[in-house]
Amino acid sequence: MGACGCGTNGQAFSWQQQIASGVYTAAASQSIFDSSGSSWCGSGCGKCFQLTSTGKAPCSTCGAGGAAGQSIIVMVTNLCPNNGNAQWCPTVGGKNQYGFSAHFDIMSNGNFLWDNAVVNYTQVSCPSVAGSDFRQCQCA
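Under UniProt numbering, think of the first position of the sequence shown as 1, with each following residue one higher.
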């Protein structure tokens with residue numbers, strides 16, 4: 001299961017899948033997942049964010065980015081910890097290897113339009129299908 005208690009064994013959805021058209025699950029860096037670190041089930045669990053591609057990748061050898069202005073919605077269902085992932089996932093108050101203070105590790109079934117896109121993000125209301133599925137997870 002993901003760190004938010006979503007996953008296998010009859011749960012509503014796998015933490016590694018697309019929920020609906022244009023809505024994905026994601027592992028978020030610690031500052032988004034839970035800034036206090038007081039629970040395995042972070043306060044960011046179940047929150048949704050709209051990610052909009054800037055059209056760039058963080059470096060010349062780590063992806064092609066994505067079409068500028070293209071947006072998707074992600075629901076946080078897992079943690080992308082700094083330990084073992086420092087290249088991508090920063091510590092709270094820190095930055096990753098590329099100078100970013102946040103990271104979303106988007107889960108897809110391999111049919112995804114972006115390749116390590118740098119994004120702008122904002123918290124949004126979750127689409128109803130995502131919210132109803134998340135109510136069946138342990139952190140709901």
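For glycine and all other residues, C-beta sits at the position ideal for the given N, C-alpha and C.
Three-way DSSP call (helix, strand, coil) for Val-92 in this model | For Val-92, the secondary structure class from DSSP, reduced to helix, strand or coil, is coil.
Just curious, the beta strand (DSSP E) that Gln-50 is in, first and last residue?
-> Taken as a continuous stretch (DSSP letters only), the beta strand (DSSP E) holding Gln-50 covers 48-53.
Option nearest Ala-28 by Cα separation, candidates Ser-128, Gln-70 and Cys-80 = The shortest C-alpha separation from Ala-28 is found at Cys-80.
To the nearest whole angstrom, what separates the beta carbons of Val-118 and Gly-65, a pair I think is in contact under 8 Å?
-> Rounded to the nearest angstrom, the Cβ distance from Val-118 to Gly-65 is 7 Å, consistent with a contact under 8 Å.
Take Gly-44 and list the residues in its own chain whose beta-carbon comes closer than 6 Å to its own, dropping the five residues that flank it on each side.
-> Cβ within range, chain order: Ala-28, Ile-32, Phe-33, Asp-34 and Val-76.
So is Gly-46 buried or exposed if we call it buried at 16+ other beta carbons inside 10 Å?
-> Gly-46 sits buried, since 16 or more C-beta atoms from the chains shown fall within 10 Å of its C-beta.
Around the Cβ of Trp-88, are there at least 16 other Cβ atoms within 10 angstroms (buried) or fewer (exposed)?
-> By the neighbour-count rule (16 or more Cβ atoms within 10 Å), Trp-88 is buried.
Among residues of its own chain, excluding the 5 on either side of Gln-94, which ones have a beta-carbon nearer than 8 Å to its beta-carbon?
-> Sequence inspection shows Gly at residue 94; the Gln mentioned does not correspond to that position. If we look at Gly-94 and ignore the five residues flanking it on each side, its Cβ neighbours are Asn-82 and Ser-101.
Please go through the same chain and pick out, in chain order, the residues whose beta-carbon is closer than 6 Å to the beta-carbon of Pro-58, but skip the five residues on each side of it.
-> The beta carbon of Pro-58 lies closer than 6 Å to those of Tyr-98 and Val-118 in the same chain, with the five residues before and after it left out.
Would you please state the rounded distance, in angstroms, between the beta carbons of Val-124 and Cys-48? I believe it to be under 8 Å.
-> With a Cβ gap of about 5 Å, Val-124 and Cys-48 count as contacting.
Residues near Thr-122 by beta carbon distance below 6 Å, same chain, minus five either side = Residues Gln-50 of the same chain have their beta carbon placed closer than 6 Å to that of Thr-122, with the five preceding and five following residues left out of the count.
Per DSSP, Cys-80 forms a beta bridge with which residues?
-> For Cys-80, the beta-bridge partners assigned by DSSP are Ser-29.
Local Cβ density within 10 Å of Ser-53, reported as buried at 16 or more and exposed below that = Here Ser-53 is buried: its Cβ has 16 or more other Cβ atoms, across all protein chains shown, within 10 Å.
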